[in-house]
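Here the structure is laid out as structure tokens; the discussion comes afterwards.
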Amino acid sequence: QQNVRRKGFTLVELLVVFTIIITLAGITFMTVAKMRRSAKATTSTSNLRNIGAFLANASVDLNGAYPSIRGFDMDKGESANHKYWHWKLYNQAYNLDDQYVTDDKWAQSVFFNPEMDPKLISNWTCGYAMNARLIENTYDISWSQAGARPLSLASLQDLSQSPLVAPRRDHHYRQAADLLYNEDKKAPILFCDG
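Going by the working numbering, the residue at position 76 of the sequence shown is 147; the numbering climbs one at a time, nothing skipped.
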């Protein structure tokens, strides 16, 4: 009697193949997601380095001080306004003259934090914030006064231990709890020494 060879796969063989495909797909999706997170974190750190360079350039024009967080434009005769520190740097970086920075412009610049939800970006925040507590403590003054005061580098005790700019949903921050942490519970921080 001749054996009849069946064509096709058994149910067990199909289940094994499906299981392998699903497992490989899951690994791929997790790897891609991790790579995206890593790329955003790398870009954010790179942005902070660029912001550090712009701050260093600004300090030359301000006689050894970083721009005020907001309030007075000290390099223009102390006229009162509400120009934020990152507006000043944006105008400096792109060689503009006191332009109002719109939301879409942040997204096209190194001042935009890729780890921040784009819906939270507005003209008063680009995803990075300056340390208000550092300025308050440096001059021993209140926030209302500190916001309009440039940060003199000469007045700081240790530049390498002075956190200056970090991710935040506002133009300033005061403590670590205010910071915008990524999915890995980390936040890049720019120190005064770059």
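Ideal placement from N, C-alpha and C gives every residue a C-beta, glycine not left out.
- The DSSP-derived three-state label of H243 is strand.
- Secondary structure of P238 (DSSP, three-state): strand.
- In the DSSP assignment, A112 forms no beta bridge with any residue.
- Here the C-alpha atom of L205 lies approximately 13 Å from the C-alpha atom of Q216.
- Straight-line spacing of the CA atoms in T102 and S226 works out to 46 Å.
- Annotated three-state conformation of Y161 is helix, per DSSP.
- Per DSSP, the continuous beta strand (DSSP E) segment holding A200 begins and ends at 199-202.
- With fewer than 16 neighbouring CB atoms inside 10 Å of its own CB, K78 falls in the exposed class.
- Straight-line measurement puts the Cα of I93 at about 59 Å from the Cα of L133.
- Here the alpha carbon of R245 sits roughly 30 Å from the alpha carbon of N166.
- For S215, the uninterrupted alpha helix (DSSP H) run begins and ends at 214-217, by DSSP.
- Looking at W156, L95, T81, the one whose alpha-carbon comes closest to that of N194 is W156.
- Between the alpha carbons of F183 and S233 lies a gap of roughly 22 Å.
- The Cβ atoms of A203 and G218 sit closer than 8 Å to each other.
- Residue burial is scored here from C-beta neighbours: R107 has fewer than 16 other C-beta atoms within 10 angstroms and is therefore classed as exposed.
- DSSP places D175 inside the alpha helix (DSSP H), whose first and last residues are 174-178.
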